[in-house]
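Inspection log for the structure reproduced underneath, given as structure tokens.
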Amino acid sequence: MPWLHPTIDLVGEIFCYIFALEFLFAHPRQGVKKTPTPKPPMSDLTTTIQSAARSGKILPSSAANILSLLEKSSSPVDAASIRELAAAENWTELDNRFFRTIAFGTGGLRGKTIGLTVTRAEKGEPQPLGRPEFPCTGTSAMNYYNLSRSTQGLVAYVKEYFAASGRPGKPSLCICHDTRFYSRQFAELAAKVMTENGCDAYLFEGPRSTPELSFAVRSTNSQAGINITASHNPPEYNGYKVYFEDGAQVVEPHASAIIDRVNAVESESYQPLPAAQQGRVISLGAEVDEAYMQRLETLPLDPELIRRENSLKIVYTPLHGVGAVIIKPMLARLGFQCQGVTEQETPDGRFPTVKSPNPENAEALTLAVKLADETGADLVIATDPDDDRMGIAARDGAGKMTLLTGNQIGSLMAWYRAKLHFEKGILTAATAGRGVIIKTFVTTDLQKAIAEKAGLRCVETLTGFKYIGQKLQKYEEAIPADLRKNYRDLTEAETRKLRLDHSSLYVFGGEESYGYSGSDFVRDKDGNSAAVMIAEVAAYAKSRGLTLTGLLDQIYGEFGYYLERGESLTMDGAAGAAQITKLVDSYASTPPGEIDGAKVVSVQNFATDTLFDVEGDRIPAEAMLLITLADHRRIAVRPSGTEPKIKYYMFAAQKTIGGKSFTPGELAAIKPLVAASLDRLWQYLKADATERLG
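What follows is the structure, given as structure tokens:
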């Protein structure tokens, strides 16, 4: 893609060159038979695949990946699955499984563990919840080979990094997993690879959240961590998120170094170190939960308000994921009334009560809203399966439960936390310049307006919370070394003072895709922190006789009405990947001059332009275009790093009427007009995309 910068190939494709050959690890917990099964002759199958490629039935890349897997795989399931699909002439399925190698994007390594067609070999023996016995065969799939080889590469780099630091003992890594199919098996395999290659592995005893993994990496002083999760993707997906010692997802220069080590691993097989040199598996559980919850207790800025406003009722659902481990007991500890959705509290990788376990979708909150209406609850909170994203529904002026967008949720928390930091004397007019709100470029500009009016710095980053985590590490390192020697062991009040006196005080951060955080003890988006913060804002609103939607309207009255709309075009499989490439190439080579009747006044190409943020830091190259129109509407376009989609972010705002703030009545009239302008914008962009694709 001409608008991709070379460095993005390094960060965005850590595992892009991994041949995802399925790995059957002879381990009792993974149900793999220890007696090797002889492979059938490959010559006929090889001939069939080569012939299919010559006749155009499958892509050349698919054929190459299939033949490589047949040559190198130690798994009889791989050959049997390919043979079965080829015999059925299911070339589409083979293309979708083999057209590429699995890639590492903004959310990490992610792919299918269950194919659209499940072969007899993959189905194997009956498993709980109807799961196939073995993960999906294919180089674009998540399976044991990917886990083994990528973990070997990660361990190799961690050991080199640890040795160079001169620290005694063995390096350690933390491992966490969600409730998805194969998550526990993948986590245990990763722990085995780590320990047999000379590292200690901190493995959570059961499913835990992504933010708790980030916290655990920091609290155990580990050098890295992984989380086995596919976030809010459908049940047939799983993934592998890589974290470094700061607790944030890996960025440069470590990203490139990990690429090199992974690419140097030729096989899933390795020779374990002698027993005396191996690491050990260390179980993590309640003790980390408690330490994490003690930090979460420091997030409310007005605990007395929560105690006074004890009539607020909350309904919470983890959508069959891990969130209930922390959120329900945490809200209860703080004094909130919280009731769970019983049907969705059971961990279940099928996510059987929803079409998609995504808290930004109204359908996923159906049962929670129903319970809220039955019990008279004020607020519904939902988190995705790995509990890093949070969505909510709140009552409007008419008492109806209404879903809020990620931009609206973040703006409510940004406004409240900025306001309370000054009211509580944490920040003053003299120290306001040390306060910072961080958001991504594709997050609403309302948060920038809130920050600027309060005198705070608003720092914008690329999409991906790892860039917010990178900023937090920069602020930590700005504290004099002698004062931050035991930074992670200090209380929240102590670290806050250090940040305020010597660096930058993080007030709030987030992204439009329902990810938020409110302090630096976690370096990723945090559904647990978000639940605590939005519950406090809801208590504040109720203490003023308002709902959250009513409070949001008051914020619009002060700052102007901002509206955003996110859309995407999904293009699955091999053919879809080619379409996405064609479309982004077209935008780069022929950017639009006019959109929906409005002249394009600027186009920023984040892949090729040299850009800096407000702190003077160079913005890494990224596959994204940011287009500004003469009428002040904006569009951002970027391919997803984790899904087969191209994403569109649209922004519009009306700040005044005739240069004056508008009344509540005028706001009601403005809302549909601004929404209509974004609808026209999307209709234009869809038609333009169709034309560009020919």
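Numbering-wise (this note's numbering), the sequence shown opens with residue 1 and increments by one.
Heads up, the beta-carbon is just placed ideally off N, CA and C, and yes, glycines get one too.
Compute the distance between the beta-carbons of residue i and residue j, then report whether it is under 8 Å.
{"i": "Ala248", "j": "Gln579", "result": "no"}
{"i": "Ile314", "j": "Leu334", "result": "no"}
{"i": "Asn197", "j": "Leu109", "result": "no"}
{"i": "Ala630", "j": "Lys660", "result": "no"}
{"i": "Ala623", "j": "Phe99", "result": "no"}
{"i": "Gly397", "j": "Ala432", "result": "no"}
{"i": "Phe705", "j": "Gly515", "result": "Since the displayed the chain opens at 1 and closes at 694, residue 705 lies outside it and no answer follows."}
{"i": "Asp609", "j": "Glu460", "result": "no"}
{"i": "Ala141", "j": "Lys159", "result": "no"}
{"i": "Ser529", "j": "Leu296", "result": "yes"}
{"i": "Val442", "j": "Ala636", "result": "yes"}
{"i": "Ile49", "j": "Leu67", "result": "yes"}
{"i": "Leu625", "j": "Val603", "result": "yes"}
{"i": "Leu776", "j": "Cys174", "result": "Any property of residue 776 remains undetermined from this structure, which presents the chain solely from 1 to 694."}
{"i": "Leu312", "j": "Lys542", "result": "yes"}
{"i": "Cys136", "j": "Ile102", "result": "no"}
{"i": "Tyr487", "j": "Val436", "result": "no"}
{"i": "Pro644", "j": "Thr547", "result": "no"}
{"i": "Ser183", "j": "Ile226", "result": "no"}
{"i": "Tyr562", "j": "Thr444", "result": "yes"}
{"i": "Leu94", "j": "Ala86", "result": "yes"}
{"i": "Asp378", "j": "Ala538", "result": "yes"}
{"i": "Ala52", "j": "Ala64", "result": "no"}
{"i": "Pro207", "j": "Val322", "result": "yes"}
{"i": "Ile646", "j": "Ser568", "result": "yes"}
{"i": "Glu511", "j": "Glu564", "result": "no"}
{"i": "Gly391", "j": "Pro357", "result": "no"}
{"i": "Ala478", "j": "His502", "result": "yes"}
{"i": "Val726", "j": "Ser150", "result": "What is shown of the chain runs 1 to 694, which leaves residue 726 out entirely."}
{"i": "Leu500", "j": "Arg484", "result": "no"}
Consider the Cβ of residue i: report whether some Cβ of chain B lies at a distance smaller than 8 Å.
{"i": "Gly323", "result": "The chain labelled as chain B is not found in the depicted structure, where only one protein chain is given."}
In the DSSP assignment, find the unbroken alpha helix (DSSP H) run with residue i in it and report its ends.
{"i": "His254", "result": "254 to 263"}
{"i": "Phe215", "result": "210 to 219"}
{"i": "Gln294", "result": "286 to 296"}
{"i": "Ile627", "result": "Where Ile627 is concerned, there is no enclosing alpha helix (DSSP H), although the beta strand (DSSP E) it sits in stretches over 625 to 629."}
{"i": "Leu685", "result": "664 to 693"}
{"i": "Arg634", "result": "Where Arg634 is concerned, there is no enclosing alpha helix (DSSP H), although the beta strand (DSSP E) it sits in stretches over 634 to 639."}
{"i": "Ala538", "result": "527 to 543"}
{"i": "Pro76", "result": "76 to 87"}
{"i": "Ile58", "result": "Looking at the DSSP string, Ile58 is not in any alpha helix (DSSP H), and its letter there is neither H nor E."}
{"i": "Thr46", "result": "43 to 54"}
{"i": "Lys279", "result": "The amino acid occupying residue 279 in the given sequence is Gly; Lys does not appear at that position. Unbroken run through Gly279: none, as it is neither H nor E."}
Residue range of the beta strand (DSSP E) that residue i falls in?
{"i": "Asn361", "result": "Counting along the chain, Asn361 falls outside any beta strand (DSSP E), and DSSP gives it neither H nor E."}
{"i": "Gln604", "result": "598 to 605"}
{"i": "Met650", "result": "645 to 654"}
{"i": "Tyr182", "result": "Looking at the DSSP string, Tyr182 is not in any beta strand (DSSP E), and its letter there is neither H nor E."}
{"i": "Glu460", "result": "457 to 461"}
What does residue i pair with, by DSSP beta-bridge criteria?
{"i": "Leu189", "result": "None, per the DSSP bridge assignment."}
{"i": "Phe612", "result": "Arg618"}
{"i": "Tyr561", "result": "Gln654"}
{"i": "Met390", "result": "Thr383"}
{"i": "Phe204", "result": "Leu284"}
{"i": "Ile228", "result": "His177, Tyr240"}
{"i": "Ile595", "result": "Ala598"}
{"i": "Ser726", "result": "There is no way to answer for residue 726, as the model of the chain reaches only from 1 to 694."}
{"i": "Gly566", "result": "Tyr649"}
{"i": "Gln249", "result": "Tyr243"}
{"i": "Ser172", "result": "Asp200"}
{"i": "Lys474", "result": "Paired residue(s): none; Lys474 is not in a bridge."}
{"i": "Lys660", "result": "Ile657"}
Every unbroken beta strand (DSSP E) inside the segment 394 to 447 [3 residues or more]:
401 to 403, 435 to 440
I'd like to know if the segment 335 to 351 and the segment 185 to 194 are in contact, where contact means that at least 3 CB-CB pairs between them fall below 8 Å.
no
With a cut-off of 8 Å, do at least 3 Cβ pairs link the segment 516 to 527 to the segment 242 to 260?
yes
Would the segment 309 to 327 and the segment 363 to 380 be scored as touching if the rule is three or more Cβ pairs under 8 Å?
yes
Tell me whether the segment 401 to 409 and the segment 548 to 556 touch, counting them as touching only if at least three CB pairs, one residue from each stretch, are closer than 8 Å.
yes
Can you confirm whether the segment 324 to 339 touches the segment 171 to 189 when touching is taken to mean that 3 or more C-beta pairs between the two stretches lie within less than 8 Å?
no
Start-end ranges of the beta strand (DSSP E) lying completely within the segment 491 to 522, minimum 3 residues
505 to 511, 515 to 517
Run through the segment 90 to 147 for me and flag every whole beta strand (DSSP E) of 3 or more residues, listed as ranges in chain order.
108 to 112
At a cut of 8 Å, does the segment 354 to 369 reach the segment 382 to 391 through at least three beta carbon pairs?
yes
Entirely within the segment 312 to 366 and at least 4 residues each: give me those alpha helix (DSSP H) ranges in chain order.
327 to 334, 342 to 345
Okay, do the segment 285 to 293 and the segment 205 to 221 touch, 3+ Cβ pairs below 8 Å being the bar?
yes
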